[in-house]
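Participant: Quick note on numbering: the sequence shown equals residues -17 to -1, 1 to 96 in mature numbering (1 follows the signal peptide of the UniProt record, and there is no 0).
Have a look at this one.
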Amino acid sequence: MFLMVVFLAELVAGISGFIFRHEIKSVLQGVYNKAESVYSGKGNEDLDRIQRTLQCCGEKNYTSWANKDYFKKEGIPNSCCNITAGVNCTSLIGIFLACCLSRYITNNQYEMV
């Protein structure tokens, strides 16, 4: 019985996520843009952690930082730089796991039929 409730909850969450994918994407982009705008390099561990974990830089790529106050003073944040690979400030596709998933579902929804 418990597993059935968990399954139904996951099913409802998945269907809701698919139905509201555009709203979720716009909310996440708005929050991320706000986080970029107030980024100061100190006390912004969350934004740095997102960029390091997803191995990306900015909303679309590193040019998303071009008109931010931090970029004008300091340049691209260190969290954009891929130090372990020895490549300086690589730009990778995507920033939000949910947006990538949404794109994948949208692009492949016709193949599922």
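In this text, a Cβ means the ideal position worked out from N, Cα and C, and glycines have one as well.
Run through DSSP, which three-state label would Y45 get?
Facilitator: Reduced to three states, the DSSP call for Y45 is helix.
Participant: Applying the criterion that 16 or more other CB atoms from any shown protein chain within 10 Å of the CB defines a buried residue, is I(-3) buried or exposed?
Facilitator: The residue is exposed, with fewer than 16 neighbouring Cβ atoms inside 10 Å.
Participant: For Q34, report the span of its alpha helix (DSSP H) as first-last.
Facilitator: Segment E28 to L37, the alpha helix (DSSP H) holding Q34.
Participant: Is the CB-CB distance between S47 and E19 below 9 Å?
Facilitator: Closer than 9 Å, so yes.
Participant: Does the pairing of the stretch 30 to 50 with the stretch 2 to 21 give three or more beta-carbon distances under 8 Å?
Facilitator: Touching, yes.
Participant: So, under 8 Å CB-CB, E57 and G13 are touching, yes? Tell me the CB distance rounded to an integer number of Å.
Facilitator: Their Cβ separation, rounded to whole angstroms, is 24 Å, which puts E57 and G13 out of contact at 8 Å.
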